[in-house]
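All you need for the numbering used here is the position in the sequence shown, starting with 1, plus 82. Every residue gets a Cβ at the ideal spot worked out from N, C-alpha and C, and that includes glycine.
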Amino acid sequence: MPEFPIAPELSADEQRAIIEALIFASDEPMTAAMLAQILQLDEQNPDGEDQNYTTYFENIIAEINADLALCARPYRIVTVAGGYHFATTAEQGEYVQKLLKAKSRRRLTQATLETLAIISYRQPISKPEIESIRGVNSSEIVNSLIEKDLVAIVGRAEVIGRPLLYGTTKEFLRIFGLNALTDLPKLREIEELLQHRQQTAIAQLDAFEEVAREMDEGNERIEAHEDVTE
């Protein structure tokens with residue numbers, strides 16, 4: 083059991099159960115800071131000493147995951163969008179995907195996925211830049227992504243007219259099962275696009291269409307998310 087227990091009077095199993103219950107009950111990834119606040123760890127440390135809450139909770143979660151693996155449970159606690167969240171294991175992914183497809187819920191269209199892929203890899207990016215790559219007006223699609231909390235306005239470009247700049251949100255990371263933007267698929271085509279600006283808009287769109295296909299698994303997570311919120 084890691085040092086710095088939540089409550090010395092509780093057993094190790096009881097302490098792990100508290101952490102597991104909090105993460106399970108939360109509808110968003112629980113950060114170390116959120117867990118520490120709920121558990122009032124700062125109040126238990128009146129001297130103000132610098133305690134590494136992240137390391138403490140990571141150790142606890144590692145023990146929980148070890149227990150889940152030992153019992154062959156089909157889920158684990160994973161790090162998503164900077165916090166802790168339950169997710170099914172890869173071995174059960176095939177069956178979960180079948181369940182989501184069977185529900186026939188709303189999906190992001192191919193055009194929306196392409197736009198989201200462009201924003202995720204080129205952010206911060208302006209609407210004119212998005213439309214230059216796609217070759218069509220993208221205002222409606224960008225607005226729909228903002229409504230879904232997958233994209234947000236992150237600033238203005240330092241060019242004539244100062245167009246708005248767009249980027250992805252923490253909800254985007256959560257829905258697509260990413261801890262950070264660095265976890266995005268490293269597609270060779272995308273890296274070449276960023277290094278060679280002379281590529282044509284058509285070549286760029288083809289590459290981003292491939293990214294959209296890579297993101298299809300996350301699209302199915304959106305179906306499940308909308309199903310819960312309806």
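Check                                                                                                                                        : Outcome
According to the neighbour-count rule (16 or more other Cβ atoms, all chains shown, within 10 Å of its Cβ), is THR197 buried or exposed?     : buried
By how many angstroms is the C-alpha of ARG204 removed from the C-alpha of ARG158?                                                           : 32 Å
Three or more beta-carbon pairs under 8 Å between the region 216 to 226 and the region 252 to 266, yes or no?                                : no
By DSSP, does SER208 sit in helix, in strand, or in coil?                                                                                    : strand
Given GLY130, which residues of its chain have a CB within under 8 Å of its CB, disregarding the five upstream and five downstream residues? : Confidence is the limiting factor: at GLY130 the pLDDT is only 46, short of 50, which leaves the residue's position unreliable and the question unanswerable from this model.
Compute the distance between the beta-carbons of VAL236 and PRO206, then report whether it is under 8 Å.                                     : yes
Please identify the residue among GLY175, LEU117, LYS180, ALA199 whose C-alpha is closest to the C-alpha of GLY164.                          : LEU117
With DSSP collapsed to three states, give me the class of PHE254.                                                                            : helix
Rounded to a whole number of angstroms, what is the C-alpha to C-alpha distance between ILE100 and LEU92?                                    : 10 Å
According to DSSP, is ARG244 part of a helix, a strand, or is it coil?                                                                       : coil
The alpha helix (DSSP H) with ARG98 in it runs from where to where?                                                                          : 94 to 107
Taking a contact to mean a Cβ-Cβ separation below 8 Å, would you say ALA103 touches TYR135 in this structure?                                : no
Taking the alpha-carbon positions, what's the SER208 to THR171 distance?                                                                     : 37 Å
Pop quiz: ASN261 and VAL162 are said to be a contact at Cβ under 8 Å. What is the actual Cβ separation, rounded to whole angstroms?          : 6 Å
Can you tell me whether ARG155 is buried or exposed, with buried defined as 16 or more other CB within 10 angstroms of its CB?               : exposed
What is the DSSP secondary structure of PHE86, counted as helix, strand or coil?                                                             : Any reading at PHE86 is ruled out, since the residue's pLDDT is 49, under 50, leaving its predicted position unreliable.
Give the secondary structure of VAL218 by DSSP, where H, G and I count as helix, E and B as strand, and everything else as coil.             : coil
Which word fits ILE284, buried or exposed, when buried means at least 16 other C-beta atoms lie within 10 angstroms of its C-beta?           : With a pLDDT of 46 at ILE284, under the threshold of 50, the predicted position of this residue should be treated as unreliable, and no value is reported.
Let me know if GLN122 comes out buried or exposed under the rule of 16 or more other beta-carbons within 10 Å of its beta-carbon.            : exposed
Got a sec, what are the start and stop residues for the alpha helix (DSSP H) ALA148 sits in?                                                 : 135 to 152
In the DSSP output, what is GLY249 paired with across the bridge?                                                                            : ALA234
Taking the straight line between their C-alpha atoms, what separation do you get for ALA199 and ASP95?                                       : 43 Å
Since ALA114 is in the alpha helix (DSSP H), which residue starts that stretch and which ends it?                                            : 114 to 120
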